[in-house]
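In the numbering used here, the protein residues as written are 116 to 273. Beta carbons are placed, not taken as given, at the ideal position from N, Cα and C, and that holds for glycine.
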């Protein structure tokens, strides 16, 4: 992984993390006072982005009770490029597993899924090309292991 991806992930994570956690400043904002909330988010994102001058953009979405209360895009698609907005698509690199695991953890916390239940009990049509590689439960599916043998990589090992 390059330093660039690591910095991008740090920027997105810090903005998303800050948006997800209550802070004293945001907690005092009335629920209907979206202009004040937007101003606070704008100021926060600008401060965070200043620490990552080589990362040109970030998108933010705040969700409350299942409804988007704020969606914004900040910066440009590429240095010297077009501006971003809340509809801009970004390459997310290797973040798919982290996002999927976070969603899975929410389902587990809500009691809708169990870590050690067979994946197929929830997704009956789930199948990999090599059945012996199929996870027996969600737990191994949520780890970052290649499941390849030690030694030189070959198509047989994969």
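Which partner residues does residue i have in the DSSP bridge list?
i: residue 173; result: 189
i: residue 183; result: 178
i: residue 198; result: 191
Ordered along the chain, which non-local residues of its own chain (more than five positions away) have a Cβ less than 7 Å from that of residue i?
i: residue 237; result: 228
i: residue 194; result: 171
Locate the alpha helix (DSSP H) running through residue i, then write down its first and last residues.
i: residue 219; result: 211-224
i: residue 253; result: 253-256
Where residue i and residue j are concerned, what is the direct C-alpha to C-alpha distance, given to the nearest angstrom?
i: residue 143; j: residue 188; result: Residue confidence is low: residue 143 scores 40 on pLDDT, short of 50, so the model does not pin down where it sits. Its coordinate-derived value is still stated next. Those two C-alpha atoms are separated by around 24 Å.
i: residue 199; j: residue 175; result: 11 Å
i: residue 258; j: residue 252; result: 11 Å
i: residue 208; j: residue 182; result: 27 Å
i: residue 197; j: residue 191; result: 5 Å
Once you ignore the five residues that flank residue i on each side, which residues in its own chain have a CB closer than 8 Å to its CB?
i: residue 243; result: 249
i: residue 185; result: 149, 152, 153, 156, 175, 176 and 177
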